[in-house]
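If you read the sequences in order, they're chains A and B.
If you read the first sequence in the numbering used here, its first letter stands for residue 1, the second for the next number, and so on.
If you read the second sequence in the numbering used here, its first letter stands for residue 1, the second for the next number, and so on.
Just so you know, even glycine gets a beta-carbon here, dropped at the ideal spot from N, CA and C.
Down below is the structure, laid out as structure tokens.
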Amino acid sequence: MSFAEKLRLRLDKTRKQLFGRLNDLFRPGATLDASTWESLEEILITADIGVSTSHLILDKLKKRIQKEKSVQPHEIRNLLEDELIALLSGGISGQLDDRVVRNKPYVILMVGVNGTGKTTTIGKLAGRFSDQGLKVLMVAADTFRAAASDQLGIWADRASVEIVHSKGGDPSALIFDAMDRAKSRVFDVVLVDTAGRMHTKVNLMEELKKMRRVIEKQIVGAPHETILVLDGTTGQNAAAQAKQFAKACPLTGLIVTKLDGTAKGGVLVSIQQDLGVPIYYVGVGESLDDLIPFNAEDFVKAVTE
Amino acid sequence: MFNDLSNKFTLAFKKLAGRSSINEKNITDALRDIRLALLEADVHFSVVKSFIDKATEKALGQEVLRSVSPGEQLVKIVHDELIETLGGEHAPLQHAAIPPTVIMMVGLQGSGKTTLTGKLAHQLIKKGRKPLLVAADVYRPAAAEQLKTLGRQLEIPTFSAEEAGSQDPVKICFDSITYARQHGRDVALLDTAGRLHIDDDLMKELETIKAKIKPQEILFVADGMTGQDAVNTAKEFVGRLDFHGVVLTKMDGDARGGAALSIRSITGKPIKYLGTGEKLDLLEEFHPERMASRILGMGDIVSLVEKAQEHIDLEKAKELEQKFLKNEFNLQDFSDQIRQLKRMGSIESILGMIPGVGGRIKGMNLDDKALNRMTAIISSMTISERNKPHQLEGRRRLRIARGSGTSVQEVNQLLKQFQEMQKMMKKFGKMNPAEIMKRIPGAR
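In structure tokens form, the structure reads like this:
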């Protein structure tokens, strides 16, 4: 099964529940009036795209239609898809898989608020890289949450990769040791798990900056990636999260989890505009291969067609 | 994006300011802005719609009271309507006539069920109960270990797959009740696995647990930052389990918590608690009127006053007031002030509760450590120096810097801030909050 097919299958509920309405709205012969635009506004906002971005999209569509005069209702749907794809790809693309072979060791720092699925995502990434024949080191730098390192340890066993962890203590100290180990042995990829932290807590964001500095000092050019893990069910607050995390440490990519429910993750559209970093993967399930490389076109088509 | 919210409300209400009456036109205008603000707070589209309809109806049917402006009156209408939608009084937990009481946590992955289980246990212990933690999440790696760690911190037992001798969540829950009865635990807290509302098998598992064990309370745990999808999830969970109450977690961030309004109006179930941090004692009872203020970006003056009453010495405050008036406020008083302020929580959390300030401080770097350094500096001064700071010349400043482990620059900065503050005291009343904020130490 291709990634596009899998995405379609997993986003089945979303497609049927929400964007199925597009079919009705833009059925052949339908008239375009104020209520059409109102319904479209509702569809966009309930997808978490947010008020301002939704209005931006609506304005663009209206302008296109004015310009081209005789537009059929079903053509608007294609225009909408194009618009969403353009906003979501933001002119940037990049696959993490292609990047990890550029440096050795390739250090990836994972950050995010509590409960977005950082640890699970690292587990899945480790499995993925390990399957590609890369030697992976996991760093359990979440020394705060009870049993977080046990959780990562189980993933390390599953993917048969090595892990550095400690009971409690300062995460930066643990990272220092881990980077030493990463240098001395021949690891290809180092995945650093950090404790979930609210983006509004100044002291915790400072802690994160420190962790990043420690990595920077130990390995030249590292961390090669700082990836923000976002919960796909989060609403407009995701934009605030992205902004604050980017301020603390420059982000290189996003991973969006939990899109296999009925959440649409529309907030991504506005985040893409603000940050301009690629979305590497979307998480659509619990198993190892449910982390799917993101492609704007596949994604938009999976929910709209 | 969020910073604008309270500003938007202010703008919406300003449109009505100075009008002697409210009519259909200006109400519709103001409510349109409120609609946008609610949508940006993640309140569900359909909920916003019916909310605005109701508010319009109420507003139009009212005469303008003489004592208030139309703007204030609309604020009140919207605020009241929010409180009504969010539910009346605080709904306490139900306990069983014959122990153990069973409380079951359900919700999506990562909503914070395990942490909440620990927090509830902590609160129950404080109330003299003897809770038992039950680890019914057999799917997430190390979930039971996480709960056990919390159990050890709280010094209470945890019942898991190990004790039940089975990986079946239904059996674990069922056996835990017998265990609780035998070991004198009067509340069993069931921590179930996170699951998607569309996962039929796992939802059935919860139905089975409910049917077999008949918990007194099923709490739906939801992430306070959830977007529009909160409605779908809540609908499915309430349809399947008819839960008793809702707990919103991660409310310590800057999310407006529109999900609260959505979930409440879709399910009609009371919101019982708010999780406001990672530590075990950070669980607050839910108060609709405070939540309404938060969604409106109006601050939470009630909580602030309560906190102040809890931590501030009234006698001292009166003494201080006199000093302000006589302009005798000295560095010792300043240091006392800082100590009292710190007891109330972080600066950011305190300022966030002040109406009109909340939106302005977002993104500002409010450093609590700066306060520690200030008290250290003042502590390194002699009593006479604290009373008459103008006598502090270079050598004294150097001594103080050394004594407090800071630098002369920092001592200078503090003295300058203190001078500014003395000046500010004199014209305090004439300022707006933004200007006051600029002068608050540590707010850069």
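Contiguous alpha helix (DSSP H) assignments of at least 4 residues, all confined to the stretch 83 to 163 of chain B: 113 to 126, 143 to 154
* **Contact under 7 Å by Cβ, residue 242(A) with residue 271(A)** => yes
| Excluding sequence positions up to five away, which residues of its chain have a Cβ less than 6 Å from the Cβ of residue 301(A)? | none
Does the CB of residue 277(A) have a neighbour CB from chain B at under 7 Å?
no
Could you check the C-alpha separation between residue 6(A) and residue 260(A) for me, to the nearest Å? 11 Å
Q. Can a CB atom of chain A be found closer than 7 Å to the CB of residue 359(B)?
A. Note that residue 359(B) has pLDDT 47, beneath the 50 cutoff, so the model's placement of it is unreliable and the number below is only indicative. No, residue 359(B) does not count as interfacial toward chain A.
Practice task
Look up residue 179(A) in the DSSP assignment and say whether it is helix, strand or coil.
Solution key: helix
(Q) For residue 255(A), tell me which candidate among 281(A), 240(A), 277(A) has the shortest Cα-Cα distance. (A) 281(A)
Would you kindly work out how many angstroms separate the C-alpha atoms of residue 147(A) and residue 174(A), rounded to a whole number? 16 Å
(Q) At the level of alpha carbons, what is the spacing between residue 231(B) and residue 236(A)? (A) 15 Å
* With distances taken from CA atoms, which of 159(B), 331(B), 206(B), 107(B) is nearest residue 382(B)? -> 331(B)
Whose CA, out of 86(B), 31(B), 27(B), lies closest to the CA of residue 270(B)?
-> 86(B)
Just how far apart, CA to CA, sit residue 10(A) and residue 208(A)? 34 Å
Original post:
First and last residue of the alpha helix (DSSP H) that includes residue 27(B)?
Top reply: 24 to 40
#### Entry: Three-state class that DSSP yields for residue 209(B) in the structure shown
helix
Across which residues does DSSP place residue 110(A) in a beta bridge pair?
-> 193(A), 227(A)
With DSSP as the reference, label residue 13(A) as helix, strand or coil.
-> helix
(request) Output yes or no for whether 7 Å exceeds the beta carbon distance between residue 104(B) and residue 190(B). (result) yes
Within chain A, partners of residue 111(B) - CB distance below 8 Å: 115
inquiry  = I'd like the list of long-range same chain contacts for residue 81(A), defined as Cβ closer than 6 Å, with 5 residues on each side in sequence excluded.
reply    = 300, 304
Measure the C-alpha to C-alpha separation of residue 219(B) and residue 75(A) and round it to an integer number of angstroms. 46 Å
Using CA coordinates, which residue listed in 413(B), 222(B), 82(B) is at the minimum distance from residue 272(B)?
-> 222(B)
- prompt: Can residue 226(A) and residue 137(A) be called in contact, C-beta distance under 7 Å?
  reply: no
Notebook entry, point to check: Between which two residues does the beta strand (DSSP E) harbouring residue 293(A) extend?
Noted result: 291 to 293
Can you tell which of 167(B), 149(B), 129(B) has its C-alpha closest to the C-alpha of residue 139(B)? 167(B)
Check: Who are the neighbours of residue 142(B) on chain A, taking C-beta pairs under 7 Å?
Finding: 147, 150, 151, 154
### Message
Taking beta-carbon pairs under 9 Å, can you tell me which members of the stretch 120 to 150 of chain B lie near chain A?
### Response
139, 140, 141, 142, 143, 144, 145, 146, 147, 148, 149, 150
| field | residue 167(B) at chain A interface by Cβ criterion, 7 Å | value | no
Nearer than 6 Å: is that true of the beta carbon of residue 145(B) relative to any heavy atom of the ligand ATP? Of the ligands one can find in the structure shown there are none, so the ligand ATP has no counterpart to examine.
Residue 160(B) classed as buried or exposed, judged by whether at least 16 other C-beta atoms fall within 10 angstroms: buried
- Query: If we call anything under 7 Å between Cβ atoms a contact, is residue 52(A) one with residue 41(A)?
  - Reply: no
For chain A, find out if any of its Cβ atoms is closer than 7 Å to the Cβ of residue 67(B); answer yes or no.
Legend: pLDDT at residue 67(B) = 49, less than 50; position of this residue unreliable, no value from coordinates given.
Taking all protein chains shown into account, do 16 or more other C-beta atoms lie within 10 angstroms of the C-beta of residue 447(B), making it buried, or fewer, making it exposed? Residue 447(B) lies beyond the residue range present for chain B, which begins at 1 and ends at 444; the question has no answer from this structure.
- request: Tell me residue 253(A)'s beta-bridge partners as DSSP assigns them.
  value: 227(A)
Chain B contact residues for residue 198(A), given Cβ-Cβ distances below 9 Å: 250, 252, 253, 254, 277, 278
Report the CB separation of residue 134(A) from residue 186(A) in whole angstroms; it is logged as a contact under 8 Å.
Rounded, the Cβ-Cβ distance is 11 Å, inconsistent with contact.
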